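Residue numbers (the numbering used here), protein chains in the order written: chain A, 115 to 654; chain B, -2 to 303.
Input: a single structure, listed below in structure tokens.
Given below as structure tokens:
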């Protein structure tokens, strides 16, 4: 039906408004898998699998994530409510499984992400900026524990403010960051396209010598990485090695597994019952992250040199695990290095600052989705009702932000200053993927376990050979996620199978199960039947 | 999905709450609120009835009085945001109304929902702005201009801003408002077409929706026989006299003239170039697009709260 045509004589009930447009939801999805903040950071670990190539890993994972996107777009359409995974899991699989998986995937696990975001402030924004401005000691100070703490604090304060301002303001800020960030990324790509490897090598050597007094830095970076175990495979050889690329998929997932990060927000997105709208938002984010990521990598490899790119990252990360300090002792941030090509500090500053908008536009993802999951739990009374209090001025669940801020800063402080605590953060990705896995199982059984609800939903008409598409896509995604979970669990190279971290997660799972059972019993005494609440989707 | 709890209605009502109950309650709430220092103004269908006293015969012709059916379903009020907390205490103490728990959607909608103690209706209180609208309307500085309802100009705009759900009931309301009021350049009991034109001159989308709706109403009146034959819901057009039609067409034309003559902003002109190729209105979620709002549900599930 065109917009000019409408049911002239049909009068519907008074409605509600939702704060976000489809475009806002797309930007959020795109930031959640953004090429700069998460992508460049994640790619830098690829050097630990030198025979594998990031490009085929991105292609294959982008394809597989299509099924994740289909699954989530369908569940959103069937139950477009604040809380996302929590609502679907509890309504389809029951309260205990849903609550435990969701509270860990969306809340307690996100407390662990604070220092990761803080680390990005450190290595992608402040340290390269200070270095460019000539404040070498200050830049190095930012690489210490104080820098991580401060980065975490800045992130948490910024995120609390923009999330606390409510969805309308969040959308405005996010949109501004998106536009500036895109201009920055295009500038970065143009600089890379115009630069040559020879010019970069000369500029890099000159910069490191002037800044740190280290000659022949380019060649020595490569030599250092080789001496510490890096075994180079030429780009052309690794590119064709698809089986080896499989090992990088769990690494690439660090940046591209999250186009559905807005799943908990769809109670606030216009037209969320429309499956195709939801699909487009997340699918474009997934595709652009894949295509854009490959384009950026190709340009980086061309200008910096594939071997240098791999070895500079390898040497940087090895230094943090006891290796020797590389000639460039800070994170080899792409915009910083690209700016060197034309030996123009103003250009370097522009690239670092404009590309930092990918961080500021994305940072809100640390709390925003979690606050809605927490709100949904409080709304169902499986968390205390005060947690879900909504500020009528801003339309934001302010108490959830306070909880997120307090817990994230507490753990961030421990991470920064208490030796040995950092290892508990290693499983931060795992708990989220585990929650996705449960959601996909819920999606697969949805048409059979909640037949009436499914049949009444807009997704009931999508079937292949009589089998609901949500079942097929849910099952495929569950297999994919299971593959990731197994690799993360058995291969120590990903750094997420630490036993102490696993014990921490185990404790949060057990603790949340106890919390659920206690809240259920408590509510029963108050005359509130949690099972009855889970019998239907939440009110708006 | 929603189980609406049984209402406690007197048996003699036969399951239909008399319109008079709505009208009296609305007036009483506005009056008592004034005495308590709170500005609450009635909106929506109830306000239109209150503002069109003396034109019941015309409303009867339009079949807008709801004989034998439920004419009104809820009460709507506009209020300033600074009274938000006072309103809760006022409605509780004076009318024993309870407020529905604030949700993300209701907060963003700038709307509080209150339950009648016997569940006869729910009452929407909007603050500062009507956001649940295809074209949100700002009421700041407007509520002092009339009582107990919002101004007739705002009542008319509240109806004419609708794009997605502008139906037969709304057409009748617009006709009733125009029949009962003159069109001019001030507020008291008159549609202030100058004010409306100024609003429309700032926003092309709003202009397009309002003028399109007015032109359609004009068309309905001028070709009433054709439309009445085509849609049973439009049979009421045949009961409107030629004199009444001429009056309505003339008033609608006057508003359209004001809207056309008002000088337009630069943004308006730029947006006009794009036209309807891009969505020009703010979509409002309905029961169909956001299934099961569950306005009533919370009270049943959480009986001990609020």
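Don't be surprised by glycine CBs; every beta carbon is placed ideally from N, CA and C.
Here the structure is a predicted model, which means the values were calculated and not measured.
is_contact[residue i, chain A] using C-beta, thresh 8 Å
i, result
"residue 282(B)", "yes"
"residue 106(B)", "yes"
"residue 66(B)", "no"
"residue 81(B)", "yes"
"residue 279(B)", "yes"
"residue 101(B)", "yes"
"residue 16(B)", "no"
Cα-Cα separation, residue i to residue j
i, j, result
"residue 79(B)", "residue 12(B)", "38 Å"
"residue 310(A)", "residue 587(A)", "44 Å"
"residue 371(A)", "residue 601(A)", "15 Å"
"residue 577(A)", "residue 653(A)", "28 Å"
"residue 89(B)", "residue 111(B)", "9 Å"
"residue 224(A)", "residue 542(A)", "7 Å"
"residue 640(A)", "residue 492(A)", "15 Å"
"residue 480(A)", "residue 522(A)", "10 Å"
"residue 256(B)", "residue 103(B)", "33 Å"
"residue 298(B)", "residue 249(B)", "At residue 298(B), the pLDDT of 43 sits below 50, so the modelled position is not reliable; the number obtained from the coordinates is stated separately. Roughly 48 Å separates the two Cα atoms."
"residue 645(A)", "residue 108(B)", "29 Å"
"residue 367(A)", "residue 161(B)", "42 Å"
"residue 340(A)", "residue 216(A)", "43 Å"
"residue 271(A)", "residue 300(A)", "29 Å"
"residue 241(B)", "residue 100(B)", "45 Å"
"residue 662(A)", "residue 608(A)", "There is simply no residue 662(A) to check, as chain A begins at 115 and stops at 654 in what is shown."
"residue 568(A)", "residue 192(A)", "7 Å"
"residue 6(B)", "residue 167(B)", "28 Å"
CB-CB length for residue i against residue j, believed under 8 Å
i, j, result
"residue 47(B)", "residue 120(B)", "The pair is not a contact, with the Cβ atoms about 15 Å apart (cut-off 8 Å)."
"residue 165(A)", "residue 355(A)", "6 Å"
"residue 233(A)", "residue 262(A)", "6 Å"
"residue 201(B)", "residue 243(B)", "Between residue 243(B) and residue 201(B) the Cβ distance is about 30 Å, and since that is not below 8 Å, they are no contact."
"residue 96(A)", "residue 285(A)", "Because chain A spans 115 through 654 in this model, residue 96(A) falls outside it and cannot be assessed."
"residue 314(A)", "residue 455(A)", "5 Å"
"residue 205(A)", "residue 550(A)", "At roughly 17 Å, the Cβ-Cβ gap does not stay under 8 Å, so residue 205(A) and residue 550(A) are not in contact."
"residue 207(B)", "residue 197(B)", "6 Å"
Residue i classed as buried or exposed, judged by whether at least 16 other C-beta atoms fall within 10 angstroms
i, result
"residue 68(B)", "buried"
"residue 435(A)", "exposed"
"residue 195(A)", "buried"
"residue 351(A)", "exposed"
"residue 93(B)", "exposed"
"residue 226(B)", "exposed"
"residue 478(A)", "buried"
"residue 238(B)", "exposed"
"residue 247(A)", "exposed"
"residue 193(B)", "buried"
"residue 561(A)", "buried"
"residue 205(B)", "buried"
CB contact check: residue i to chain B, cutoff 8 Å
i, result
"residue 212(A)", "no"
"residue 118(A)", "Below a pLDDT of 50, predicted positions are generally treated as unreliable, and residue 118(A), at 38, falls in that range; the measurement from the model is reported next regardless. It does; some Cβ of chain B falls within 8 Å."
"residue 432(A)", "no"
"residue 189(A)", "no"
"residue 418(A)", "no"
"residue 564(A)", "no"
"residue 130(A)", "yes"
"residue 133(A)", "yes"
"residue 481(A)", "no"
"residue 560(A)", "no"
"residue 141(A)", "no"
"residue 504(A)", "yes"
"residue 381(A)", "yes"
Contacts of residue i in chain A (Cβ-Cβ under 7 Å)
i, result
"residue 127(B)", "Per Cβ cutoff of 7 Å: no residues; residue 127(B) is ~10 Å from chain A at best."
Contacts that residue i makes with chain B (C-beta to C-beta distance below 8 Å)
i, result
"residue 384(A)", "280 and 282"
Within chain B, partners of residue i - CB distance below 9 Å
i, result
"residue 281(A)", "101 and 105"
"residue 198(A)", "Here the premise fails: no neighbours, minimum Cβ distance about 13 Å."
Under 7 Å from the C-beta of residue i: neighbouring residues of chain B
i, result
"residue 509(A)", "101, 104 and 105"
"residue 342(A)", "Per Cβ cutoff of 7 Å: no residues; residue 342(A) is ~51 Å from chain B at best."
Residue-chain proximity (residue i, chain D), Cβ-Cβ < 8 Å
i, result
"residue 489(A)", "In the displayed structure, chain D is absent; the protein chains listed are A and B."
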